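In this text, residue positions in the sequence shown follow the numbering used here: the first is 43, and each later residue adds one.
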Amino acid sequence: MKPIPIRHINGTLKEPAFSESFDIVDIHQYLSGKIMIQELHRHSFYYVLVLEKGSGEHRIDFETYMIQDYCLFFMRPGQVHEIVISSESTGYLLKFSKDFYAPTEASSKQVLRKISNKNFWVLEEGKMKEILLILSNIFRENNAQQERYLETIQAYLSVFFIALLRQREAKDLENSHHDYMQERLEEFHELIRISATQHKQLSYYSQQLNLTPYQLNAITKTTLGKTSREVIIDYLILEAKRNLLASSNQVSQIAWHLGYEDVSYFVRFFKKHTGYSPEAFRKNFKL
């Protein structure tokens with residue numbers, strides 16, 4: 043099966059290339075008065091767009107967000123997106139691989155998991171200026187490349203992520219019991235992203251999380267209003283949509299990629315949950 047490619051619209055500014063484990067770009071410098079327009083594609087790395095000033099539109103996993111001043115987008119590897127950024131936008135674009143920022147401490151991994159589960163942020167002016175100061179230090183380190191600069195960048199990234207976590211928690215007025223359930227939900231989501239193509243049974247996930255199926259269902263019902271089985275199905279349907287719209291892979295290839303050996307079963311499964319056959323969905327929603 044061919045991977046979902048990165049595609050660009052001819053005659054428009056392309057997204058900055060990324061071939062290393064880390065990169066940061068000054069958006070205003072990069073745009074140079076041009077609009078950046080990109081068709082649907084996906085990345086194998088983390089993608090963080092921080093805009094002090096800006097306008098346009100960003101569509102992530104088929105949900106549309108309007109770009110505005112003091113906004114931030116945080117995308118995980120595997121998500122698909124398309125974007126239009128106006129020529130006057132200012133801020134930074136960061137890209138880093140899973141291997142580049144791979145903390146060994148469980149608490150640091152938890153911070154990244156928490157903030158990367160939220161794609162769109164709107165920050166207050168003061169918080170944005172705090173974050174831009176951190177990013178300007180990262181930008182300077184990346185350009186100067188003095189001794190142990192990558193370690194310094196990793197340290198700054200930790201500070202950046204903690205600042206985002208504080209912003210998120212400052213807006214969370216729920217009690218500690220809800221915090222526990224939210225943490226387990228995030229662990230469930232991460233496990234689904236890793237395992238859903240091989241494991242589709244609820245029992246597998248409850249065992250991996252050291253929960254009973256009843257406990258896991260209680261968590262998803264309380265936090266999302268959905269059963270755990272519905273959360274697994276939502277991910278499989280989303281991944282199917284990603285491949286249908288952002289690649290030219292055949293339906294049979296997509297079915298096999300998602301762990302369905304019986305293609306006709308996959309077609310029925312997709313139609314049951316979307317109202318469209320895979321081919322009809324691709325035809326009606328392909329941009």
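Glycine included, every Cβ here is placed at the ideal spot set by N, Cα and C. Here the structure is a predicted model, which is why all the values come from computation and not from measurement.
query	result
Cβ-based neighbour list, residue 180, same chain, cut-off 6 Å, excluding 5 preceding and 5 following	66, 195, 198
Whole-angstrom C-beta distance between residue 327 and residue 287, which should lie under 8 Å	6 Å
Sequence ranges, beta strand (DSSP E) only - wholly within the stretch 100 to 188, length at least 3	105 to 109, 113 to 117, 122 to 127, 132 to 138, 162 to 164
Whole-angstrom distance between residue 132 and residue 76, CA atom to CA atom	12 Å
Residue burial classification, residue 259 (beta-carbon count within 10 angstroms, cutoff 16)	buried
Simplified DSSP state of residue 60, which is helix, strand or coil	coil
Through-space distance from residue 63 to residue 305, alpha-carbon basis	37 Å
Every unbroken alpha helix (DSSP H) inside the stretch 233 to 278 [4 residues or more]	244 to 250, 255 to 266
Cβ neighbours of residue 264 in the same chain (closer than 7 Å, five flanking residues each side left out)	223
CB-CB length for residue 336 against residue 103, believed under 8 Å	Residue 336 falls outside the range modelled here, since the chain spans only 43 to 329, and no answer is possible.
Sub-8 Å separation of residue 108 and residue 94 beta-carbons	no
Closest by C-alpha distance to residue 111, when choosing among 189, 141, 171	171
Of the residues 314, 193, 201, 277, the one placed nearest residue 174, counting alpha carbons only	201
Residue 77: first and last residue of the uninterrupted alpha helix (DSSP H) it sits in	Taken as a continuous stretch (DSSP letters only), residue 77 belongs to no alpha helix (DSSP H), as it is neither H nor E.
Best match in 160, 149, 289 for proximity to residue 105 [C-alpha to C-alpha]	160
DSSP three-state assignment for residue 326, whether helix, strand or coil	helix
Where residue 88 sits in the DSSP three-state scheme	strand
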